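There are 2 protein chains.
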Amino acid sequence: MDNYDNLKLENQICFPLYACAKEVTRRYKPLLDKLDLTYTQYIVMMVMWENKKMNVKELGEVLYLDSGTLTPLLLKLEKKGYISRTKNKDDARNLVLEVTKKGLNLRDKATDVPQEMSKCVKLSKDEAITLYNTLYKILEYFKEEDDN
Amino acid sequence: MDNYDNLKLENQICFPLYACAKEVTRRYKPLLDKLDLTYTQYIVMMVMWENKKMNVKELGEVLYLDSGTLTPLLLKLEKKGYISRTKNKDDARNLVLEVTKKGLNLRDKATDVPQEMSKCVKLSKDEAITLYNTLYKILEYFKEEDDN
DNA sequence: TATAATTAAATTGTATACAATTTAATTTGA
DNA sequence: TCAAATTAAATTGTATACAATTTAATTATA
Numbered sequence: 185m186d187n188y189d190n191l192k193l194e195n196q197i198c199f200p201l202y203a204c205a206k207e208v209t210r211r212y213k214p215l216l217d218k219l220d221l222t223y224t225q226y227i228v229m230m231v232m233w234e235n236k237k238m239n240v241k242e243l244g245e246v247l248y249l250d251s252g253t254l255t256p257l258l259l260k261l262e263k264k265g266y267i268s269r270t271k272n273k274d275d276a277r278n279l280v281l282e283v284t285k286k287g288l289n290l291r292d293k294a295t296d297v298p299q300e301m302s303k304c305v306k307l308s309k310d311e312a313i314t315l316y317n318t319l320y321k322i323l324e325y326f327k328e329e330d331d332n
Numbered sequence: 185m186d187n188y189d190n191l192k193l194e195n196q197i198c199f200p201l202y203a204c205a206k207e208v209t210r211r212y213k214p215l216l217d218k219l220d221l222t223y224t225q226y227i228v229m230m231v232m233w234e235n236k237k238m239n240v241k242e243l244g245e246v247l248y249l250d251s252g253t254l255t256p257l258l259l260k261l262e263k264k265g266y267i268s269r270t271k272n273k274d275d276a277r278n279l280v281l282e283v284t285k286k287g288l289n290l291r292d293k294a295t296d297v298p299q300e301m302s303k304c305v306k307l308s309k310d311e312a313i314t315l316y317n318t319l320y321k322i323l324e325y326f327k328e329e330d331d332n
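Listed below in structure tokens is the structure:
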């Protein structure tokens, strides 16, 4: 035990979080390659499949991403034909994102992905639920903070 | 409950992991700006402070990063004067990384960072320990898998 | 021992991330 | 009402990440 103990990698909570997130998303790659999606594109499509229609700001709030990340990514999804991007007539500052038919078809090809991935993270049901709750607890606290 | 329930964002374990890691590291920025370090540079320095001397491969194994990420990052840390990069005489394929005096001085300026950050993630001691253990359980499983 | 196989870093190319700024559109309030 | 403030996306610039390939050095083996 020395004065620098706090600075040891093994004493950080941030590092396993960082590494784990990175390794988990990396393991999605082979599954998502079949859908021609990256991980970030996949979570964008997940939100779009559920909401069908939303603007960039709403999408960003759900995913904790800003327009700097989303704008180029959405252009790629549009190019692939999975979403459409059109200006809102009532307020031209808003960009309306909608899933296309091709985007909806993709959903059927993606149904196996979550199960395949859950095989990869070998936790008990209880452990997974506790992890899930703890992570959302942190995220919700951050969200409150950001509102202030 | 429909056939697409598995594909809902809220039913994924990967997403809170991804978002949480991202938000936590983002919150390091103001603290690390004072040290002229990015988050990844910070965890590299943490490992270097502890080990004083190692090569790129060893560093990459500890941090789950490859040379494609580390090579340019280490060049920046060298440019800032925090580490030195020299070829190993016995095996010129290895690059020996060493903390410099300036790099060691930086350690003293960094001692507050972990405590400041832990204030940011408001979990009970028990919750934090459980989270830590679960994340390392996943990581260790991945490591085993990669060895095969 | 000369070539093949292996290994460690570096390089290349693509895709995020995000802070900070800019642009364009809308809303506010003096 | 009209300039100021605000808002939503887009843009700019910097820094990761990582797969795939290349380069250079070392080791293994026929």
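Chains as they are written, first to last, in the numbering used here: chain P, 185 to 332; chain H, 185 to 332.
Backbone N, C-alpha and C define an ideal beta-carbon position, used for all residues, glycine too.
Values in this document were obtained by computation on a predicted structure and should not be read as measured data.
query, result
"Under 7 Å from the C-beta of residue 239 of chain H: neighbouring residues of chain P", "In chain order: nothing, as chain P lies at least about 17 Å away."
"Selected residue, minimal CA-CA separation from residue 276 of chain H, among H/197, H/240 and H/323", "H/240"
"Selection of the stretch 283–316 of chain H by Cβ proximity to chain P, strictly under 8 Å", "291, 294, 295, 297, 298, 299, 301, 302, 305, 306, 307, 311, 312, 314, 315 and 316"
"According to DSSP, residues forming a beta bridge with residue 270 of chain P", "P/280"
"When H/197, H/193, H/188 and H/191 are compared against residue 309 of chain P, the one with the closest alpha-carbon", "H/197"
"First through last residue of the beta strand (DSSP E) which encompasses residue 327 of chain P", "Careful: residue 327 of chain P lies outside any beta strand (DSSP E), inside the alpha helix (DSSP H) at 309–331."
"Neighbouring residues, chain H, relative to residue 253 of chain P (Cβ below 9 Å)", "Residues of chain H passing the Cβ test: none, with the nearest at roughly 10 Å."
"Integer-rounded CB distance, given that residue 248 of chain H should sit under 8 Å from residue 203 of chain P", "5 Å"
"Proximal chain P residues relative to residue 196 of chain H, where beta-carbon distance stays under 7 Å", "298"
"Buried or exposed (CB count within 10 angstroms, at least 16 for buried), residue 259 of chain P", "exposed"
"Start-to-end residues for the alpha helix (DSSP H) that takes in residue 289 of chain P", "285–294"
"N- and C-terminal bounds of the alpha helix (DSSP H) containing residue 239 of chain H", "Taken as a continuous stretch (DSSP letters only), residue 239 of chain H belongs to no alpha helix (DSSP H), being part of the beta strand (DSSP E) at 237–239."
"Buried/exposed call for residue 210 of chain H, threshold 16 Cβ in 10 Å", "exposed"
"Contacts that residue 222 of chain H makes with chain P (C-beta to C-beta distance below 9 Å)", "None at all; the shortest Cβ gap to chain P is about 12 Å."
"Interface flag, residue 276 of chain H vs chain P, CB-CB below 8 Å", "no"
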